[in-house]
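Enquirer: In the working numbering, the protein residues as written are 79 to 191.
Positions of the beta carbon are idealized from the N, C-alpha and C atoms, including for glycine.
(1) Over what stretch of residues does the alpha helix (DSSP H) that includes residue 139 continue unbroken?
(2) For residue 159, I'd like the list of residues in its chain whose CB is within less than 7 Å of its CB, leaving aside the five on either flank, ordered along the chain.
(3) Look at residue 168 and residue 119 and say whether their C-beta atoms are less than 7 Å apart.
(4) Once the 5 residues before and after residue 96 are set aside, which same chain residues still bring their CB inside 8 Å of it?
(5) How about residue 30 and residue 148: are their beta carbons less than 7 Å apart?
(6) Should residue 155 and residue 93 be called a contact, given that it needs their Cβ atoms to be closer than 7 Å?
(7) Taking only the alpha-carbon atoms, compute the straight-line gap between residue 130 and residue 184 and give it to the nearest angstrom.
(8) Between residue 89 and residue 174, what straight-line distance do the alpha-carbon atoms span, to the nearest angstrom?
Below, the structure written as structure tokens:
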């Protein structure tokens, strides 16, 4: 069962540091969880790795702003950021497919590179 926290309890938690972020990301179980969430949005490994890399950069910015608190804050932050980046990647892929299809429908020669 997932434990929920009040705003007051969250405010009392220590702010996460870069060292904690790196330690969290260095744990293979956490990386597996992050990659599993990323795979929900894309079908290939290259896109999944893009999502994870973009998420790491975003998480680093969040840690530097001091907006993540406690171990649960890191986990929740990862899930939220990976979801956001995954949806962005889905939209990007769909837009690319629509543009390719539109070009083919008009009789244009379409390069996939």
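Expert: Per the coordinate set shown:
(1) Along the chain shown, one-based indexing puts residue 139 at 61. From DSSP, the alpha helix (DSSP H) with residue 139 extends over 123–143.
(2) Residue mapping note: residue 159 aligns to position 81 of the chain shown, counting from 1. For residue 159, where only same-chain residues beyond five positions count, the Cβ hits under 7 Å are 133, 136 and 137.
(3) Working through the chain shown from its first residue, we reach residue 168 at position 90. Working through the chain shown from its first residue, we reach residue 119 at position 41. Contact: yes.
(4) Position 18 of the chain shown holds residue 96. Within the same chain, residue 96 has close Cβ partners 138, 141 and 142.
(5) The structure shown does not extend to residue 30, since the chain is modelled only from 79 to 191, so the question has no answer here.
(6) Stepping through the chain shown from its first residue, residue 155 is reached at position 77. Stepping through the chain shown from its first residue, residue 93 is reached at position 15. Not a contact, by the Cβ cut-off of 7 Å.
(7) By 1-based counting over the chain shown, the position of residue 130 is 52. By 1-based counting over the chain shown, the position of residue 184 is 106. So the two alpha carbons sit approximately 36 Å from each other.
(8) Numbered from 1 along the chain shown, position 11 holds the residue referred to as residue 89. Numbered from 1 along the chain shown, position 96 holds the residue referred to as residue 174. Looking at the two C-alpha atoms, the distance is approximately 43 Å.
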